[in-house]
Amino acid sequence: MANSRSAQIPVVVLAGFLGSGKTTLLNHLLHRSGGSRIGAVVNDFGSIEIDAMAVAGALGDSTVSLGNGCLCCAVDASELDTYLARLAAPAAGIDVIVIEASGLAEPQELVRMVLASEQPEIMYGGLVEVVDAAEFDDTRTRHPEIDRHLALADLVVVNKLDRAPDADRVLGLVHGLTEGAVLPATYGRIDPEFLFDCRPSEERVGQLSFDDLHSHGGPDEQDEADTHPGHLHAAHLHTAYDTLSFTSDTPLDPRALMRFLDARPEGLYRIKGYVDFGAHDPANRYAVHAVGRFLRFLPEPWPPGADRLTQLVLIGTGIDADALGKELDACRGATEEPAETDEQAMWGVLRYVPGSEDEPGTP
Numbered sequence: 304m305a306n307s308r309s310a311q312i313p314v315v316v317l318a319g320f321l322g323s324g325k326t327t328l329l330n331h332l333l334h335r336s337g338g339s340r341i342g343a344v345v346n347d348f349g350s351i352e353i354d355a356m357a358v359a360g361a362l363g364d365s366t367v368s369l370g371n372g373c374l375c376c377a378v379d380a381s382e383l384d385t386y387l388a389r390l391a392a393p394a395a396g397i398d399v400i401v402i403e404a405s406g407l408a409e410p411q412e413l414v415r416m417v418l419a420s421e422q423p424e425i426m427y428g429g430l431v432e433v434v435d436a437a438e439f440d441d442t443r444t445r446h447p448e449i450d451r452h453l454a455l456a457d458l459v460v461v462n463k464l465d466r467a468p469d470a471d472r473v474l475g476l477v478h479g480l481t482e483g484a485v486l487p488a489t490y491g492r493i494d495p496e497f498l499f500d501c502r503p504s505e506e507r508v509g510q511l512s513f514d515d516l517h518s519h520g521g522p523d524e525q526d527e528a529d530t531h532p533g534h535l536h537a538a539h540l541h542t543a544y545d546t547l548s549f550t551s552d553t554p555l556d557p558r559a560l561m562r563f564l565d566a567r568p569e570g571l572y573r574i575k576g577y578v579d580f581g582a583h584d585p586a587n588r589y590a591v592h593a594v595g596r597f598l599r600f601l602p603e604p605w606p607p608g609a610d611r612l613t614q615l616v617l618i619g620t621g622i623d624a625d626a627l628g629k630e631l632d633a634c635r636g637a638t639e640e641p642a643e644t645d646e647q648a649m650w651g652v653l654r655y656v657p658g659s660e661d662e663p664g665t666p
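In structure tokens:
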């Protein structure tokens with residue numbers, strides 16, 4: 304597998320009905336990007352590069368018109384591909400692309416369009432559906448198709464929980480409608496690590512980073528930050544979640560790891576890191592990326608002189624970190640050559656490698 308696989312830019316589809324909080328969530332990601340550069344296809348009609356001089360809230364005035372109607376209806380796959388190519392160009396320096404869909408868009412079609420892209424620089428990064436908890440019952444009445452949308456989602460963000468008098472009931476309903484992970488939120492504040500790997504902030508010559516622009520947040524966020532400095536990070540990011548770090552110098556058994564991944568609990572939102580499958584593929588390590596139920600493996604050659612280790616980070620809420628650690632421990636395999644009868648052991652992993660013949664189809 305070529306090195307370019309590991310450099311592919313994830314494309315995340317962000318969907319949800321009108322007023323659910325998609326733009327608020329995207330703006331939050333811009334301010335909490337950890338130094339990553341985010342490109343966006345946004346507001347139904349445009350493609351823009353969100354460079355380091357952008358500020359949250361400016362997206363609506365900075366789009367390039369693509370036509371009328373929902374993105375999934377107005378734009379064919381080749382046209383979207385043109386804009387994805389622009390954002391994925393090396394000169395743009397983009398780390399992740401977010402497609403903010405129309406409030407009436409069909410998420411399944413957007414996913415198909417991304418998967419149909421002919422740009423080798425990108426890979427599909429999962430479907431995130433945003434739900435307005437306060438209006439959830441009314442939304443389902445007006446738009447019964449939301450049940451189907453939630454069933455397709457890899458991660459459902461149940462937003463505006465602070466406005467819902469029966470938040471627990473709404474969360475329970477959403478859990479019953481999706482096999483993806485369900486993440487509660489207010490003001491669209493979710494940890495960007497749930498969607499993409501945040502790169503450490505670094506100096507960019509002649510430009511400001513997103514983190515430098517943090518003071519330009521929306522009025523609600525800025526008022527809270529002014530009143531309680533440092534409160535937003537403490538209240539809304541990693542402190543609310545459980546994290547498990549797993550390292551093994553013994554290669555993992557691919558079948559055992561796939562059994563673990565297939566049975567992962569719903570509160571486990573994010574898995575990232577590298578896996579060593581030892582003699583099953585001695586030339587490559589496998590980068591793993593999971594958001595909710597979305598899963599991808601990306602084989603890449605071992606860097607010269609690198610230690611042959613499996614290193615994983617798991618992020619979730621309500622998870623039993625000790626139990627998950629023991630389950631991962633049980634995935635450690637033997638270091639000797641696999642038996643000839645075990646030549647199919649990697650098939651479960653290869654199903655989740657982009658471009659593989661056995662890669663799962665679109666939702």
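My numbering applies: residue 304 is where the sequence shown begins, and numbers increase by one. All residues carry an ideal CB built from backbone N, CA and C; glycine is no exception.
Contacting residues, own chain, Cβ-Cβ under 6 Å from residue i (five flanking each side not counted)
{"i": "Ala537", "result": "Caution is warranted here: a pLDDT of 34 is assigned to Ala537, below 50, making its placement in the model unreliable, and the coordinate value is therefore given only provisionally. Excluding residues within five positions, none has a Cβ falling inside 6 Å."}
{"i": "Leu615", "result": "Phe549, Gly576"}
{"i": "Gly406", "result": "Phe320, Leu321"}
{"i": "Leu480", "result": "Asp450, Leu453"}
{"i": "Gly520", "result": "Low confidence applies here, because Gly520 scores a pLDDT of 38, under 50, leaving its location unreliable; read the following figure in that light. So the list reads His334, once near-sequence residues are dropped."}
{"i": "Leu631", "result": "Phe549"}
{"i": "Thr613", "result": "Ser551, Leu555, Val578, Asp579"}
{"i": "His478", "result": "Val485"}
Among the options, nearest to residue i - alpha-carbon criterion
{"i": "Val399", "options": "Ser339, Leu418, Ala437", "result": "Ser339"}
{"i": "Thr444", "options": "Arg654, Phe320, Gly576", "result": "Phe320"}
{"i": "Arg635", "options": "Ala593, Val417, Phe580, Val591", "result": "Phe580"}
{"i": "Ala436", "options": "Asp471, Ala648, Leu564", "result": "Asp471"}
{"i": "Ala392", "options": "Phe499, Gly651, Leu601, Ala310", "result": "Ala310"}
{"i": "Glu432", "options": "Ile622, Phe439, Ala318, Pro423", "result": "Ala318"}
{"i": "Leu390", "options": "Phe600, Ile341, Gln411, Leu480", "result": "Ile341"}
{"i": "Asp552", "options": "Val578, His478, Val652, Val594", "result": "Val578"}
{"i": "Arg415", "options": "Leu430, Pro606, Pro423", "result": "Leu430"}
{"i": "Phe439", "options": "Pro423, Gly608, Glu424, Lys463", "result": "Lys463"}
{"i": "Gly658", "options": "Ala419, Ile397, His446", "result": "Ala419"}
{"i": "Tyr655", "options": "Thr326, Leu598, Leu612, Gly396", "result": "Leu598"}
{"i": "Val652", "options": "Pro602, Arg611, Leu387", "result": "Pro602"}
{"i": "Gly619", "options": "Gly608, Tyr572, Pro606", "result": "Tyr572"}
{"i": "Gly337", "options": "Leu498, His446, Ala609, Pro447", "result": "Leu498"}
{"i": "Ile312", "options": "Pro423, Thr326, Asn330", "result": "Pro423"}
Span separating the alpha-carbon of residue i from that of residue j
{"i": "Met426", "j": "Glu496", "result": "17 Å"}
{"i": "Gly322", "j": "Leu627", "result": "37 Å"}
{"i": "Ile574", "j": "Val434", "result": "23 Å"}
{"i": "Ala394", "j": "Lys629", "result": "44 Å"}
{"i": "Val316", "j": "Ile449", "result": "16 Å"}
{"i": "Arg492", "j": "Leu455", "result": "22 Å"}
{"i": "Val314", "j": "Glu409", "result": "17 Å"}
{"i": "Arg588", "j": "Leu564", "result": "17 Å"}
{"i": "Leu328", "j": "Tyr490", "result": "7 Å"}
{"i": "Ala593", "j": "Asp500", "result": "11 Å"}
{"i": "Ser381", "j": "Glu412", "result": "13 Å"}
{"i": "Asp708", "j": "Pro554", "result": "The question about residue 708 has no answer, for the chain in this structure spans 304 to 666."}
{"i": "Gly324", "j": "Ala467", "result": "14 Å"}
{"i": "Phe600", "j": "Ala566", "result": "17 Å"}
{"i": "Gly396", "j": "Asp469", "result": "43 Å"}
{"i": "Gly621", "j": "Glu569", "result": "9 Å"}
{"i": "Leu387", "j": "Pro606", "result": "29 Å"}
{"i": "Asp675", "j": "Asp441", "result": "In the structure as shown, the chain starts at 304 and stops at 666, and residue 675 therefore has no counterpart that could be examined."}
{"i": "Ala633", "j": "Pro447", "result": "43 Å"}
{"i": "Gly608", "j": "Thr326", "result": "44 Å"}
{"i": "Gly428", "j": "Asn330", "result": "19 Å"}
Presumed contact (8 Å Cβ cut-off) between residue i and residue j, rounded CB distance
{"i": "Ala488", "j": "Glu403", "result": "No, Ala488 and Glu403 are not in contact; Cβ-Cβ is about 16 Å, not under 8 Å."}
{"i": "Pro604", "j": "Ala586", "result": "6 Å"}
{"i": "Asp494", "j": "Arg596", "result": "18 Å between Cβ atoms; not a contact."}
{"i": "Leu332", "j": "Val417", "result": "Between Val417 and Leu332 the Cβ distance is about 18 Å, and since that is not below 8 Å, they are no contact."}
Chain-order list of residues whose beta-carbon lies under 8 Å from that of residue i (same chain, five-residue window excluded)
{"i": "Ala624", "result": "Asp545, Thr546, Leu547, Leu617"}
{"i": "Leu476", "result": "Phe439"}
Contacting residues, own chain, Cβ-Cβ under 7 Å from residue i (five flanking each side not counted)
{"i": "Leu474", "result": "Val461, Val485, Pro487"}
{"i": "Glu421", "result": "Asp384"}
{"i": "His583", "result": "Pro557, Pro641, Ala648, Met649"}
Contact test: residue i Cβ vs the ligand COA heavy atom, cutoff 7 Å
{"i": "Leu464", "result": "You won't find the ligand COA in this model; it holds no ligand whatsoever."}
Task: Segment contact, 8 Å Cβ cut-off, at least three pairs: the segment 477-484 with the segment 558-566 - done: Per the Cβ contact rule, the segment 477-484 is not in contact with the segment 558-566 (fewer than 3 Cβ pairs under 8 Å).
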